[in-house]
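Per the numbering used here, numbering through the sequence shown is continuous, rising by one, with the last residue being 880.
Remarks on the structure that follows.
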Amino acid sequence: MAAVLLAALLVGAAGCDTVEPAKAPRLVVEGFLDAGEPLPTVTLRHSRALQRPYPRNDSAVAATGATMTLTVDGERVPYESVPGQPSRYAPSAHNREQQRVPPRSSFRLRAEWRGRTARAGGRIPPTVAIDSSRVRVPPEPVEAVLLDSLRLDTLNTDARQGYIYPVEVTLWWKAASGTDSTLWVRPHLRPSASFSEDAVDFFLRSEDIRRERTVTLTANGYRRWTGVYAVPVEDRTASFPAHRLRVAVLRSYGSYARLAATRESPRTREPVSNVEGALGVAAGISVDSAYVSVR
Numbered sequence: 586m587a588a589v590l591l592a593a594l595l596v597g598a599a600g601c602d603t604v605e606p607a608k609a610p611r612l613v614v615e616g617f618l619d620a621g622e623p624l625p626t627v628t629l630r631h632s633r634a635l636q637r638p639y640p641r642n643d644s645a646v647a648a649t650g651a652t653m654t655l656t657v658d659g660e661r662v663p664y665e666s667v668p669g670q671p672s673r674y675a676p677s678a679h680n681r682e683q684q685r686v687p688p689r690s691s692f693r694l695r696a697e698w699r700g701r702t703a704r705a706g707g708r709i710p711p712t713v714a715i716d717s718s719r720v721r722v723p724p725e726p727v728e729a730v731l732l733d734s735l736r737l738d739t740l741n742t743d744a745r746q747g748y749i750y751p752v753e754v755t756l757w758w759k760a761a762s763g764t765d766s767t768l769w770v771r772p773h774l775r776p777s778a779s780f781s782e783d784a785v786d787f788f789l790r791s792e793d794i795r796r797e798r799t800v801t802l803t804a805n806g807y808r809r810w811t812g813v814y815a816v817p818v819e820d821r822t823a824s825f826p827a828h829r830l831r832v833a834v835l836r837s838y839g840s841y842a843r844l845a846a847t848r849e850s851p852r853t854r855e856p857v858s859n860v861e862g863a864l865g866v867a868a869g870i871s872v873d874s875a876y877v878s879v880r
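Structure representation (structure tokens):
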């Protein structure tokens with residue numbers, strides 16, 4: 586589940602090495618340790634210069650033949666190549682089945698490839714669990730300005746008037762116990778249907794990245810967050826299109842939050858990395874998600 590949620594974060598990292606010509610490829614690491622889940626598969630690739638097209642074939646950029654170890658809560662676990670998946674490394678089947686990632690533990694990852702070494706470390710957050718959700722759909726659509734998503738960075742935005750149903754969704758999850766003020770959360774909403782090419786969500790909040798302590802805390806110890814996403818329709822008389830909605834909350838620490846916050850930033854050449862000697866990220870997380878029928 587976490588892999589589906591997180592894969593988009595690193596789509597550009599392996600292909601955005603440097604603007605100037607690079608003498609040697611850089612390692613790109615992707616690993617997420619999900620609290621309470623089995624030890625993760627870690628992806629290890631190498632970067633390519635911007636002048637060279639990024640290959641669709643994963644084996645062309647796979648860092649094969651690497652040596653990798655993951656140490657979790659003081660226990661060292663060797664990783665090995667996954668057969669048929671040249672860029673992926675995993676513990677032995679026995680270790681993967683027997684060992685799970687302990688919440689509130691620490692980890693260290695080390696990978697060596699062709700004389701290059703990548704190191705990362707961090708903490709595993711307490712598990713997060715969505716308690717409940719509430720969806721509010723207005724009785725009729727509202728008029729809105731729709732923007733061409735391909736031209737948002739120009740003065741000619743190709744704006745036009747249209748209609749949307751702004752769907753308000755509230756999520757509740759149990760607040761983490763203790764006084765850890767360094768936890769971050771990423772609540773977000775993903776409708777299962779692609780309604781339009783227009784960037785109608787540009788000014789709405791269907792996703793958030795913030796310190797968990799800043800999210801509203803209810804009297805009974807739950808965090809409460811409200812987001813809004815848009816469902817475009819043809820005109821004022823159009824009925825609301827029924828669909829499924831995926832709601833999710835991810836809990837982590839600053840290393841993941843910095844990556845998520847910078848993955849699409851025009852001010853950064855590449856997402857912020859917490860890996861020493863490489864690009865990418867190795868972070869502890871906890872994810873919970875659910876599907877909701879919206880009609």
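Note that beta-carbon positions come from the ideal geometry of N, C-alpha and C, so glycine has one too.
What you are looking at is a predicted structure, and each value in this text was computed from that prediction instead of being measured.
Legend entry - Per DSSP, cross-strand counterpart(s) of Asp619: Ile870
Legend entry - Beta carbon of Val754 nearer than 8 Å to that of Glu797: no
Legend entry - Per DSSP, cross-strand counterpart(s) of His631: Leu612
Legend entry - Stretch pair the segment 860-868 + the segment 817-835: three plus CB contacts closer than 8 Å: no
Legend entry - Nearest-angstrom Cβ-Cβ length linking Ser672 and Ala648, presumed shorter than 8 Å: 7 Å
Inset, instruction - Would you kindly check if the distance between the Cβ of Ala761 and the Cβ of Pro711 is under 8 Å? - result: yes
Legend entry - Of the listed residues Ser666, Trp810, Ser858, nearest to Ser677 (C-alpha basis): Ser666
Legend entry - Three-state secondary structure assigned by DSSP to Thr764: coil
Inset, instruction - Express the C-alpha separation of Tyr841 and Gln683 in angstroms, rounding to a whole number. - result: 26 Å
Inset, instruction - Closer than 7 Å by C-beta to Asp738: which residues in its own chain qualify, once you throw out the five before and the five after it? Chain order, please. - result: Low confidence applies to Asp738: its pLDDT is 48, below 50, so where it sits in the model is not reliable, and the reading given next is rough at best. Taken in chain order, the list of residues that qualify is empty.
Inset, instruction - Would you list the one or two residues that DSSP bridges to Glu753? - result: Arg721, Val813
Inset, instruction - Report, in whole angstroms, the separation of the C-beta atoms of Ser644 and Val613, which I expect to be a contact under 8 Å. - result: With a Cβ gap of about 15 Å, Ser644 and Val613 do not count as contacting.
Inset, instruction - Evaluate Val727 with the Cβ neighbour count: other Cβ atoms within 10 Å of its Cβ, from every protein chain shown; 16 or more gives buried, anything less gives exposed. - result: exposed
Inset, instruction - Since I believe Ile709 is in contact with Arg681 (beta carbons under 8 Å), could you give me their beta-carbon distance rounded to a whole number of angstroms? - result: Actually they do not touch by this definition, with Cβ atoms about 17 Å apart.
Inset, instruction - Can you give me the start and stop residues for the alpha helix (DSSP H) that Tyr841 sits inside? - result: 839-847
Inset, instruction - Keeping to the same chain, check which residues put their C-beta closer than 8 Å to that of Trp698; ignore five residues upstream and five downstream. - result: Leu612, Leu629, His631, Ala648, Gly650, Ala651, Thr652
Inset, instruction - Taking only the alpha-carbon atoms, compute the straight-line gap between Pro687 and Thr626 and give it to the nearest angstrom. - result: 16 Å
Legend entry - Start and end residues, alpha helix (DSSP H) containing Gln683: 678-683
Inset, instruction - Let me know the secondary structure DSSP gives Arg736 once reduced to three states. - result: With a pLDDT of 49 at Arg736, under the threshold of 50, the modelled position of this residue cannot be trusted, and the question is left open.
Legend entry - Neighbourhood of Arg821 by C-beta, 8 Å cutoff - its chain only, sequence neighbours within 5 removed: Glu725, Pro726, Glu728, Tyr748
Inset, instruction - Report the residue from Tyr750, Tyr807, Tyr814 whose alpha carbon sits nearest the alpha carbon of Pro776. - result: Tyr814
Inset, instruction - Give the DSSP-derived three-state secondary structure of Ser672 in the structure shown. - result: strand
Inset, instruction - Let me know if Leu802 comes out buried or exposed under the rule of 16 or more other beta-carbons within 10 Å of its beta-carbon. - result: exposed
Inset, instruction - Answer with buried or exposed for Ser871, where buried requires no fewer than 16 other C-beta atoms within 10 angstroms of its C-beta. - result: buried
Inset, instruction - Could you spell out where the beta strand (DSSP E) holding Ser644 opens and where it closes? - result: Unbroken run through Ser644: none, as it is neither H nor E.
Inset, instruction - Please name the residue, chosen from Val713, Pro663, Trp757, Val646, that lies closest to His679 on a Cα-to-Cα basis. - result: Pro663
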